[in-house]
Amino acid sequence: MKVDVVLGLQWGDEGKGKVVDVLTPGYEVVARFQGGPNAGHTLEFNNEKYILRSIPSGIFQGDKVNVIGNGVVLDPALFKAEAEALAQSGHDLTERLYISKKAHLILPTHRLLDAAYEAAKGDKKVGTTGKGIGPAYTDKISRTGIRVGDILNDFDTKYAQAKARHEQILKSLNFSYDLADAEKEWMEGIEYLKKFNLIDSENFINGLLKQEKSILCEGAQGTMLDIDFGSYPFVTSSNTVCAGACTGLGIAPNKIGRVMGIFKAYCTRVGSGPFPTELFDETGNALCELGHEFGSVTGRRRRCGWLDLVALKYSVMINGVTSLIMMKADVMNTFDTLKVAVAYKINGETVREFPYEIGNDVEPVYKEFKGWKCDINRIRSYDEFPAELKNYIEFIEQECGVPVKIVSVGPDREATIVR
Ligand code: GDP
Ligand code: IMO
Ligand code: MG
């Protein structure tokens, strides 16, 4: 049995939550492998809307097993708030959510450090989600982190040591703060965590695989935010790419099956960093307004631009994508023309491979497409798509060398076409 992976190919917010929810009936297990509450995964069905941050998007489709893997960083306070809100709306998770003891904890002081480092960077700031992601992963890599399993054993000492270390850094940065409320909430979160199945998730997952159970891995963020392959240093602090599913769950590379890469029919980015196809005009505003492009976690306005095939092809390569999933084409229903970047011009030279660095001198080379100029939101089969949309999709398939197997035409679970 192999494990399938769903992940983002752009700068996050591609629609991973929706797609995982749609695909979950075909699987017995859904597992998150990296990231933390920097994620905001939106699901809509039966006129209800949910935004998940740390909890996998497989929780609304029957009694599926959901796993938070070792590659995730978990904030107990935010986790408690998220899980309690779900329990209140009739989705109790204590019996069917399994959390890796090897997942690292985000401490209240990690959040403070995130804010302090960003403030110190001034106009070079990353524009993080402020959830303490970078500092928590820094501690993990520095071998000074605290893991979920540690809450069961000599936790107070470990916490006090980490806190003291963080407070020293905050002091050196002259960062003033008040920790009392956040710390109290966080400690309540720690107690709350103990109600859940805290496990060695790598053994659990491999045991399930032996029993021929089908597993879907849910990525967070997107390939262009990957710590190794994204637009460094304007990235997140984890491996968002397919390989992250191996290290973030303990799955051997030869157990990876289908790799489903999600992209929006255009591009968005939230936070700082290069974005070659970004639009600063009316079209950019239209994408933002019509696509409701405001961060689901921070509410920040997302930067918008045309689809970037140079970046998309790079993502397809890095992840070994076997099929593509295209989201939000409906946002461009009224557009007369659409553009797609097929190359970059850098210092007068045409570049088709994603370059080491993207500076201000990168100019996208566009191919123009005729818009479909009709409402596609209620269409439920590929054959009914207007010819212009089919043409757009087929060009992307041809360029990427991978088929587009799912097209999403609205936020609702139902607004999904599987080819
Ligand atoms: P994720 O982080 O990848 O799960 O994506 P987000 O939830 O942050 O952002 C995607 C947004 O687009 C959410 O508000 C979704 O409800 C919405 N959405 C998803 N698919 C579609 C679609 O096909 N069309 C439209 N108009 N909205 C969509
Ligand atoms: P989902 O899973 C979009 C961005 C932040 C910032 C950078 C680093 O919903 O797609 P961090 O807090 O991770 O240190 O921030 O990464 N970022 C996201 N952008 N969607 C996300 O998650 C993101 N998670 C982080 O805006 O630029
Ligand atoms: Mg999101």
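The working numbering puts the first residue of the sequence shown at 309, with every later residue one more than the last.
We put the beta carbon where it would ideally sit given N, CA and C, even for glycine.
Asked	Found
Inter-residue Cα distance where the pair is residue 691 and residue 715	12 Å
Sub-7 Å separation of residue 649 and residue 624 beta-carbons	no
N- and C-terminal bounds of the alpha helix (DSSP H) containing residue 575	Run containing residue 575: none in the alpha helix (DSSP H); it sits in the beta strand (DSSP E), 575-577.
Reduced DSSP category for residue 736 - H, G, I as helix; E, B as strand; rest coil	Limits of the chain in this structure are 309 at one end and 727 at the other, which puts residue 736 out of reach.
Same chain, Cβ closer than 7 Å to residue 689, five either side skipped, listed in chain order	725
Closest residue to residue 435 among 520, 340 and 423 (Cα-Cα distance)	423
Touch test, the stretch 335-351 against the stretch 451-461, Cβ-Cβ under 8 Å, three pairs minimum	no
Nearest candidate by alpha-carbon position, reference residue 723, set 330, 315, 313 and 322	330
Cβ-Cβ distance between residue 552 and residue 341 below 7 Å	yes
Residue from 577, 385, 581 and 396 whose Cα sits closest to the Cα of residue 322	577
Segments of 3+ residues assigned as beta strand (DSSP E) that fall wholly inside the stretch 404-492	405-408
Inter-stretch contact at 8 Å, needing at least 3 Cβ pairs: the stretch 411-423 / the stretch 512-524	no
Secondary structure of residue 374, DSSP reduced to three states	strand
Those runs of the beta strand (DSSP E) which lie wholly inside the stretch 669-708 and span at least 3 residues	670-678
Per DSSP, cross-strand counterpart(s) of residue 498	Paired residue(s): none; residue 498 is not in a bridge.
Reference residue 312; option with closest CA among 630, 572 and 601	630
Residue 621 versus residue 318: straight-line alpha-carbon distance, rounded	10 Å
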